[in-house]
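A.B. asks:
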Amino acid sequence: MAHTADLRLEAWSPTAEGCIREVVRAAVEAFADTSAARATGEYACTVTAETDEDLLVSVLEEVVYRMDVAGEIPLDAEPGPIRDAGGRRSLAVRFRMADAGTVEPVGAVPKAVSLHGLHLRAGPGGWTCRVTLDV
Numbered sequence: 002m003a004h005t006a007d008l009r010l011e012a013w014s015p016t017a018e019g020c021i022r023e024v025v026r027a028a029v030e031a032f033a034d035t036s037a038a039r040a041t042g043e044y045a046c047t048v049t050a051e052t053d054e055d056l057l058v059s060v061l062e063e064v065v066y067r068m069d070v071a072g073e074i075p076l077d078a079e080p081g082p083i084r085d086a087g088g089r090r091s092l093a094v095r096f097r098m099a100d101a102g103t104v105e106p107v108g109a110v111p112k113a114v115s116l117h118g119l120h121l122r123a124g125p126g127g128w129t130c131r132v133t134l135d136v
């Protein structure tokens, strides 16, 4: 069950990777105005998980972690193709990062990713995803 402090995000794209990129953008736009922020560097990571939905969670957890620990916020995310990795799923993502102190806050910063209502699926019109962030 979603709580009043939760942030529910939905995105769609022709590809699963595009859905993940769009939901990262939506998450950032929900709490920060990045229009005046400038990129300070890139951050790349590879996440692995059992399912594509779990990849989505892992990418968003990486965003939350980078904001909390490194004080960085993603201006953009470029996921590579989702691959099979020994019975698991793997996704490399490159983020264009900015100093979180240079963005204007417009909402509560996410603290965690909820598994409740998680969705990343292909349909006749492309891919859709839904995720809830705890704020």
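For the sequence shown, this note's numbering assigns the number 2 to the initial residue and increments by one for each residue that follows.
Ideal Cβ positions, reconstructed from N, Cα and C, are used throughout, including at glycine.
Are there 16 or more other CB atoms within 10 angstroms of the CB of Met2, so buried, or fewer, so exposed?
C.D. replies: Because the pLDDT at Met2 is just 48, under 50, the model does not fix this residue reliably, and the value given afterwards should be weighed accordingly. Met2 should be labelled exposed.
A.B. asks: Could you please give me the residues that DSSP links to Leu92 through a beta bridge?
C.D. replies: Leu92 is bridged to Val48.
A.B. asks: Any idea if Glu54 is buried or exposed, counting beta-carbon neighbours within 10 angstroms, 16 or more meaning buried?
C.D. replies: Flag for Glu54 reads buried.
A.B. asks: Have a look at Gly19, Pro111, Val136, Val104 and flag the residue whose alpha-carbon is nearest the alpha-carbon of Leu56.
C.D. replies: Cα-wise, what sits closest to Leu56 is Gly19.
A.B. asks: Indicate whether the contact test is met: 3 or more Cβ pairs, each with one atom in the region 34 to 43 and one in the region 109 to 119, closer than 8 Å.
C.D. replies: Verdict: no, contact absent.
A.B. asks: Is the beta carbon of Leu76 sitting closer than 8 Å to the one on Arg97?
C.D. replies: Going by C-beta atoms, Leu76 is nearer than 8 Å to Arg97.
A.B. asks: According to DSSP, is Val24 part of a helix, a strand, or is it coil?
C.D. replies: Val24 falls in the helix class under three-state DSSP.
A.B. asks: Looking only at C-alpha atoms, which of Pro125, Pro111, Thr49 sits nearest to Gly88?
C.D. replies: Residue Thr49 is the option with its Cα nearest to Gly88.
A.B. asks: Quick one: Cα of Leu10 to Cα of Val65, how far?
C.D. replies: Looking at the two C-alpha atoms, the distance is approximately 15 Å.
A.B. asks: Could you check which residue in Ala17, Ile74, Ala113, Met68 has the C-alpha nearest to that of Leu8?
C.D. replies: When only C-alpha atoms are compared, the closest one is Ala113.
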